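>
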DNA sequence: TGACGCAAGTTTTTT
DNA sequence: ACTTGCGTCA
């Protein structure tokens, strides 16, 4: 390949050029963080179009998020002429499957107007199932049943084939069967179904499989390490003939095994695609040398990885900053102050990102940022589309499309209040069993029992639905329908109740209406699909001058000049639920690795000495992962006294430890007092202070090896001894 | 039928 | 600390 020849290869290093121009057979690009792998993937697409004379509609590119898909499309639009970028299929597995199933709904055997049931909807269905099967929802928690079912689906296991080893499994199998029936009865598909049904469609209809595999001549996948079994099978079905699969992966960034992702798909790829060309991308363009070295030291202990020798041409950079805070509030204050300092030194707020393991941790950080009047934007959290007012409005729209959706029906039949109570609803549910759905039962009731109280209350609701349905048949688009619903139910007056919260809710509704208005002519079913598959509405506000707050999971694929990783404590990272098995622990380590490698110039690691769980504050030990970062790379800002012995079992969250919090204790020690420590022996108290509502004791031990140490009086094995 | 008060469970991570 | 679900009462 003549490297000066092609403008598409300009500005790429030798490894990247080789990756872009690799054979059109199966290719696996194993790429380190910050190696420009998404850029390589994008250039590869352009390369196939220009050098292999691929038609744009022959390209199928799978990204991990909708955001990544949008960015890739925008990039391609800049690189290519005209509307080429629009003709390509670029999206997540879920989005691509949803569209395909809509088109091939007849062959797949369900309604073209199927609805996508999100996590909340799934939970509602499962609660119904648990009730129907007379199960105890304490022993069989709907959420954990759903979890088991999701894993079964990812492995393409049907309810009938669900492996039953225990009684619990048997219940899961029954719930699974019933869940699928209920879902289909509501013309609903959950996220997993989108994948599973597409695979089934291709397996059962060889002609369709043939059709799509011929059409999608060039299949490219980003973040391949996070594909699950169903996704892998789908790729195999689509590339069975031509084998033009181009996968980009990094095993060290596999962080989604809990939802069925299996990085061993990389090994499967090697077995299933003879002639697979493997290319390593080892040059990092993102991070300073110190950050890269620290990240590599951190990830090194993990087994089963392809060793990559990452290097960068960026300068050495500053050491990482390790900060130990007293509690989460102080940790957050430290972060806020540091950001303010950085800003005064010339950085922008948008250069900074603050990461954490669990969404619950954002709260303390938000409070500190608000207090410091630092603007921030929260990624994830309570998703826009799962807010109550939005879900309610969407339920109305779903009912227009599909009145037999009982979940939506029950959600909004009495929102806003229209005098339909438990009794009426219960009779609708019972009638629904025989008539097929609550909606049909309602129609029946209005006919047969027209004078009853229930019928009187239901009639306006039924009339509204009929009216909207007629509008849709006449060709009304989403914008029209949304406006019609808002007007008919008097939503504004209902939501704007004078409180700030009410105002905020109404603003959310307006935001949704704006989304609908942006796409005139958009069909309802497409709008509802997009809404279910897209997490956030504020994608336009991405350029705002604000600090970004996000979980380590949602940090994947992003980069920031300055990164704070907070809550580096045992029980949090690694998370307490991940301590049981080595592979879960390895995934926690990868999660930390992903976070570290987001940083370009500065990386802060923080942990707290105490952390609150469920409003209960308990001591916290620094994360074991910190021990794997060579001290030479760390600049320590401040050290707090460290517990000599854990007072609690770190592996178990505080709320699970049936340990009543001892009442607040008065000061137990005074200077000059003789004490004995279980480990350090005899000593004398130098100082005892009450700080943050607890007693910190500083003891000088007679055994010179121990020297002077500070403990938390309530937790240290320290006793006063009588003097003789 | 709806409002209110109390008990219980909750926190991994997301398409 | 916070939400959610359930039971009692007007």
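Residue numbers (the numbering used here): 2 to 725. Where a beta carbon is used, it is the ideal one built from N, C-alpha and C, also for glycine. Remember, it's a predicted structure, so these values are computed and weren't measured experimentally.
1. Taking residue 25 as the reference, give the member of 265, 258, 50 and 177 with the closest Cα.
2. Can you grab the Cα-Cα spacing for the pair residue 210 / residue 238, in whole Å?
3. Compute the distance between the beta-carbons of residue 619 and residue 612, then report whether it is under 8 Å.
4. Got a sec? Which residues, its chain only, sit under 6 Å from residue 96 by beta carbon, not counting five neighbours each side?
5. Which of helix, strand or coil does DSSP assign to residue 248?
6. Rounding to the nearest angstrom, what Cα-Cα distance links residue 194 and residue 154 in this structure?
7. If the criterion is Cβ atoms closer than 8 Å, does the pair residue 161 and residue 130 meet it?
8. Given a cut-off of 8 Å, decide if residue 240 and residue 380 are closer than it, judged by their beta-carbon atoms.
9. Which whole-angstrom value is the C-beta distance of residue 517 and residue 545, which I expect to be below 8 Å?
10. Does the distance from the C-beta atom of residue 291 to that of residue 321 stay below 8 Å?
11. If you draw a straight line from the alpha carbon of residue 504 to that of residue 418, how long is it in whole angstroms?
12. Considering only the alpha carbon of each residue, which of 85, 83, 257 and 196 lies closest to residue 579?
13. Could you tell me the boundaries of the alpha helix (DSSP H) in which residue 712 lies?
14. Would you mind listing the alpha helix (DSSP H) stretches within the stretch 476-541 that are 4+ residues and don't spill past its ends, in chain order?
15. Would residue 675 and residue 722 qualify as a contact pair, given that the criterion is a beta-carbon distance under 8 Å?
16. Could you pull the start and end residues of the alpha helix (DSSP H) that residue 197 belongs to?
17. Taking just the CA atoms, how far does residue 433 sit from residue 726?
18. Give the list of continuous beta strand (DSSP E) stretches no shorter than 3 residues that lie fully inside the stretch 366-425.
19. What would DSSP say about residue 348, mapped onto helix, strand or coil?
20. Less than 8 Å separating the beta-carbons of residue 485 and residue 472?
21. Could you give the DSSP three-state label for residue 453: helix, strand or coil?
22. According to the Cβ coordinates, are residue 37 and residue 70 closer than 8 Å?
23. I need the boundaries of the alpha helix (DSSP H) containing residue 48, first residue and last residue.
24. Between the Cα of residue 59 and those of 90, 249 and 414, spot the shortest distance and give me the residue it belongs to.
25. Is residue 660 helix, strand or coil when you go by DSSP?
26. Check this for me: beta carbons of residue 269 and residue 233, under 8 Å apart or not?
27. Taking just the CA atoms, how far does residue 555 sit from residue 354?
28. When you compare the stretch 294-303 with the stretch 593-609, are there three or more beta-carbon pairs, one atom per stretch, that lie closer than 8 Å?
29. DSSP on residue 571, reduced to helix/strand/coil?
30. Taking the beta carbon of residue 328 as the centre, do at least 16 other beta carbons fall within 10 Å, making it buried, or is it exposed?
31. Can you round the beta-carbon distance between residue 686 and residue 670 to whole angstroms, since I take them to be within the 8 Å contact cut?
32. Compute the Euclidean distance between the alpha carbons of residue 440 and residue 431, then round it to the nearest angstrom.
33. What is the rounded straight-line gap between the Cα of residue 288 and the Cα of residue 557?
34. Roughly how far, in whole angstroms, is the beta-carbon of residue 285 from the beta-carbon of residue 307, given that I think they are within contact range, below 8 Å?
35. Threshold first: 3 residues or longer. Then list the beta strand (DSSP E) segments lying entirely within the stretch 579-632, N to C.
36. Alpha carbon to alpha carbon, what distance is there between residue 274 and residue 242?
On the basis of the coordinates in this document:
1. 50
2. 7 Å
3. yes
4. 534
5. strand
6. 7 Å
7. no
8. no
9. About 23 Å separates the two Cβ atoms, so there is no contact after all.
10. yes
11. 19 Å
12. 257
13. Where residue 712 is concerned, there is no enclosing alpha helix (DSSP H), although the beta strand (DSSP E) it sits in stretches over 709-713.
14. 479-490, 492-496, 501-519 and 525-534
15. yes
16. 192-205
17. As shown, the chain starts at 2 and ends at 725. That puts residue 726 outside it, with no answer to give.
18. 377-379
19. coil
20. yes
21. coil
22. no
23. 38-52
24. 90
25. Note that residue 660 scores 33 on pLDDT, short of 50, meaning its location in the model is unreliable; the coordinates nonetheless yield the value given after this. Residue 660: coil per DSSP, three-state reduction.
26. yes
27. 12 Å
28. yes
29. coil
30. buried
31. 5 Å
32. 12 Å
33. 15 Å
34. Between residue 307 and residue 285 the Cβ distance is about 16 Å, and since that is not below 8 Å, they are no contact.
35. 600-609, 611-614 and 617-620
36. 11 Å
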